[in-house]
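> Residue numbers (numbering that gives the first Met the number 0): 0 to 230.
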Amino acid sequence: MLFRFRVPLLAFAAAAVVASCSSGSSKPPRFAAPKPEPWRASTERACLKSGQVRPSRYVVPRSSLGGPSGGVASCGAYRPFVVSAADNGRVRLQPSATLRCPMIPAFDRWIRDVVAPSADRWLGSHVVKVRVASSYGCRPINHKRGGKLSEHGRANAIDISAFELADGRIVNLKRGWRGPKSERRFLRTVHRGACNIFTTVLGPNADRFHHDHFHFDLARHGRTGTYRVCR
0 MLFRFRVPLL
10 AFAAAAVVAS
20 CSSGSSKPPR
30 FAAPKPEPWR
40 ASTERACLKS
50 GQVRPSRYVV
60 PRSSLGGPSG
70 GVASCGAYRP
80 FVVSAADNGR
90 VRLQPSATLR
100 CPMIPAFDRW
110 IRDVVAPSAD
120 RWLGSHVVKV
130 RVASSYGCRP
140 INHKRGGKLS
150 EHGRANAIDI
160 SAFELADGRI
170 VNLKRGWRGP
180 KSERRFLRTV
190 HRGACNIFTT
200 VLGPNADRFH
210 HDHFHFDLAR
220 HGRTGTYRVC
230 R
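(1) Could you give the DSSP three-state label for residue 37: helix, strand or coil?
(2) Return the chain-ordered ranges of every beta strand (DSSP E) run that is complete within the stretch 127-172 and spans a minimum of 3 residues.
(3) Within the chosen definition, does the stretch 94-112 reach the stretch 73-82 through at least 3 CB pairs nearer than 8 angstroms?
(4) I'd like the ranges of any beta strand (DSSP E) spanning at least 3 consecutive residues and lying wholly in the stretch 168-209.
(5) In terms of residue numbering, what span does the beta strand (DSSP E) encompassing residue 86 cover?
(6) What would DSSP say about residue 216, mapped onto helix, strand or coil?
(7) Over the uninterrupted beta strand (DSSP E) stretch that includes residue 79, give me the two end residues.
(8) Since I believe residue 157 is in contact with residue 98 (beta carbons under 8 angstroms), could you give me their beta-carbon distance rounded to a whole number of angstroms?
(9) Could you compute how far the alpha carbon of residue 54 sits from the alpha carbon of residue 39?
(10) On the CB-based measure, 16 or more other CB atoms within 10 Å of its CB, does residue 142 come out buried or exposed?
(11) What would DSSP say about residue 97, mapped onto helix, strand or coil?
(12) Whole-angstrom Cβ separation of residue 193 and residue 215, contact assumed at under 8 angstroms?
(13) On a Cα-Cα basis, can you pick out the residue from 127, 50, 218 that is closest to residue 163?
(14) So which of 58, 229, 172, 45 has the shortest CA-CA distance to residue 92?
Quick look at the structure:
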């Protein structure tokens, strides 16, 4: 079931993970005070144990990013992966994305079940590459010093700015969202479809910070962690 909420940016920020990364500087802290979130470690370890994600030439394990241990908040992930292609290598990621385990099957599902059929229907061609605007980065939401830590700081988010088709066309979020009819329909379809897979989906209608890309993550919202943000 798709849940739609009109959530102010401040409310979204409050729901996001918080952490503090020491820079050794006398400047104000980059992030707000951290809080324990045990679900992060448990969901990542459960994903790793399940075998949903298997190393391959497209999905390469990398060393820990200093991720959660015992529920202590920090930037990073326990055992992240560098992903250069989705859906068994059918769709390239440029550049490669650094993601925690649960994000990988979610992204594969979006590519396979939403993006591929939508491209065939509205654009008459296959998507062969997606452009990654951002994946892992130890930073606050929207780069605002003193704010909450972005899900990017947990390798729990990915931003997509464009799609490249087999026939050479490029569908760019910045131009295509209000561009030709076929591109508008494609982009809105893949945006809506993402809301059934990710817990946070932000696009050009969300705010000025997302005017040129989609943001997807698997943050937990609300007390039960069952709410979804779709804007």
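Note that CB positions come from ideal geometry on N, CA and C, so glycine has one too.
This is what the structure holds:
(1) helix
(2) 156-164, 169-171
(3) yes
(4) Scanning the stretch 168-209 for uninterrupted beta strand (DSSP E) segments of 3 residues or longer gives 169-171, 199-201, listed from N- to C-terminal end.
(5) Run containing residue 86: none; DSSP gives neither H nor E here.
(6) strand
(7) Segment: none, residue 79 is in no beta strand (DSSP E) and carries neither H nor E.
(8) 6 angstroms
(9) Distance between the alpha carbons of residue 54 and residue 39: 21 angstroms.
(10) exposed
(11) strand
(12) 6 angstroms
(13) The candidate whose alpha carbon is nearest that of residue 163 is 127.
(14) 58
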